[in-house]
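Okay, structure first, notes after.
See the structure below:
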């Protein structure tokens with residue numbers, strides 16, 4: 002800081018007040034205050050102009066500040082790994098984990114599926130689960146270790162960010178928690194159909210990461226159904242805005258990613274795609290914070306909803322895969 006001139010200071014203090022009864026140095030402070038106020042008004046006007054500026058794409062979110070972002074997911078190797086990577090960025094405020102279903106809840110789910118789909122279809126799905134545990138699960142676990150998916154635990158995640166546990170966001174407990182946390186945005190990696198009244202709580206809604214190309218392959222295990230159809234070009238991931246349908250919301254981003262595993266390892270393929278989608282979710286949070294997030298829809302695109310894999314589906318997929326391989 003430069004040396005002050007004592008004589009100049011004395012002249013300033015001895016100067017007569019202006020016509021409004023203020024000394025010149027007081028007038029300087031007032032002018033500076035007015036300048037700062039004017040600068041704030043100009044900045045606010047610039048922000049409003051930017052918010053109204055036309056741009057390609059459909060604006061979905063408007064924000065220009067850090068968000069209170071939470072992750073909602075269930076406890077699995079891939080979802081915990083993605084949640085931990087998001088936590089490492091410092092961009093999320095916490096993780097809401099859906100507790101594993103108890104025996105009674107599983108029985109209730111089985112009863113609902115029997116009522117909706119019938120004994121033959123549900124029995125086919127149960128047979129595949131038994132087949133998977135006996136003949137496929139061990140190989141899948143070895144592949145997951147190769148992807149490093151067993152390195153993240155719930156305790157490791159809790160050491161990095163606040164973790165909350167609920168049975169479901171659709172329960173009174175879950176809804177109350179979301180209302181108390183007051184999130185701006187929720188990133189969802191869950192198979193649960195979240196009710197509309199819960200989806201509307203976050204200021205910017207829920208965004209989901211789907212291990213498949215939407216709307217072509219909606220529902221669970223999208224890589225399996227795409228590979229069964231011989232559509233390797235439809236294996237990939239999509240980030241979308243969740244609504245009251247099954248993977249039917251507006252789209253934010255998508256990437257086609259060639260499958261890296263055979264169709265019998267479709268569950269590991271789903272895990273790999275979720276891991277790949279971590280960076281896409283980080284980009285979405287960045288875009289939401291800057292107010293640059295855009296959504297889009299695909300007019301005229303095929304939209305099919307797929308459910309759980311049955312043993313007959315699995316055998317049929319293996320047969321078709323072998324035929325395509327021999328034809329090639």
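Residue numbers (this note's numbering): 2 to 329.
A virtual CB, placed ideally from N, CA and C, is assigned to each residue, including glycine.
These numbers were taken from a predicted model, which means no experiment stands behind them.
- Annotated three-state conformation of residue 253 is strand, per DSSP.
- When DSSP assignments are scanned along the segment 224-293, the uninterrupted stretches of beta strand (DSSP E) that are 3 or more residues long and fall wholly within it turn out to be 237-242 and 252-257.
- Taking residue 98 as reference, the option from 184, 189 and 199 with the minimal CA-CA separation is 189.
- If you draw a straight line from the Cα of residue 139 to the Cα of residue 291, it is about 44 Å long.
- The C-beta distance from residue 80 to residue 283 rounds to 15 Å, too long to meet the 8 Å contact threshold.
- The three-state secondary structure of residue 306, taken from DSSP, is strand.
- Inter-residue distance for residue 153 and residue 235 is about 29 Å (C-alpha atoms, whole angstroms).
- Judged by their CB atoms, residue 185 and residue 204 are nearer to each other than the 8 Å cut-off.
- Counting every other CB atom within 10 Å of its CB across the protein chains shown gives residue 268 a total of 16 or more, marking it as buried.
- Separation of the CB atoms of residue 128 and residue 312 is rounded to 4 Å, and the pair is thereby assigned contact status at 8 Å.
- In the displayed model, residue 97 falls within a strand according to three-state DSSP.
- Excluding sequence positions up to five before and after residue 118, its CB lies within less than 8 Å of the CB of 308, all in the same chain and listed in chain order.
- Sixteen is the threshold: since fewer than 16 other Cβ atoms of the shown chains lie within 10 Å of the Cβ of residue 231, the residue is exposed.
- Inclusion of residue 215 and residue 277 in the CB contact set at 8 Å is not warranted, their separation being larger than that value.
- If one requires a minimum length of 4 residues, the alpha helix (DSSP H) runs lying completely within the segment 107-192 are 120-136, 138-148, 155-161 and 173-182, in chain order.
- A distance below 7 Å between beta-carbons, with the five flanking residues on each side excluded, links residue 82 to the following residues of its chain, in chain order: 150, 153 and 276.
- Closest option to residue 103, judged by alpha-carbon separation, among 169, 125 and 266: 169.
- According to the DSSP assignment, residue 70 belongs to the beta strand (DSSP E) that extends over 70-75.
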